[in-house]
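The next block holds one structure in the form of structure tokens; read it before the comments.
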Amino acid sequence: MKTLNAVAAFTIMAISSAAIAEGGADRVYGRMIQANEQAMQEYAATNGKNRPEVVHYRYGMKLDIAKVVASTPTDASCGVMPAQMTYEDSNGNLNILEYRVAGTGCRNQN
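If you count by mature numbering (1 follows the signal peptide of the UniProt record, and there is no 0), then the sequence shown holds residues -21 to -1, 1 to 89, one letter each, in order.
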């Protein structure tokens, strides 16, 4: 499990550094999201969990988050970008929540 988490973290970090190099294009975000989904499917298979499905966040949505497993980095951009958080609910089921977030990669901008 630790090895899979390390591989997933390395993959996400490598893709996010590529996003910085390419200027944060939409296709880079798409690759980052796909890599996260693939890593979480492997995590589910390794840990005997259900394959998580992606749910898009809606305002006011009730969330049952018992444990955050992974989240995509937001430091690759300064603008609004897609992000995902994978979590286990109180029943131990894996879920992937996709949402939009303001990137934290702003440098020298007020």
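Using N, Cα and C, we set each Cβ at its ideal position, and we do this for glycine too.
Within this structure, are the beta carbons of M60 and S50 separated by less than 7 Å? No.
Leaving out five residues on either side along the sequence, give the residues of the same chain with a beta carbon under 6 Å from the beta carbon of C85. Around C85, the same chain offers C57 as residues with beta carbons nearer than 6 Å, after the five sequence neighbours per side are excluded.
For a quick check, are the C-beta atoms of T83 and T53 less than 7 Å apart? Yes; because the gap between Cβ atoms is below 7 Å, this pair is in contact.
So who's on the other strand from Y78, going by DSSP bridges? In the DSSP assignment, Y78 is bridged to A62.
Rounded straight-line distance, which links the Cα of R10 to that of V80: Per the coordinates, the alpha-carbon of V80 lies some 17 Å from the alpha-carbon of R10.
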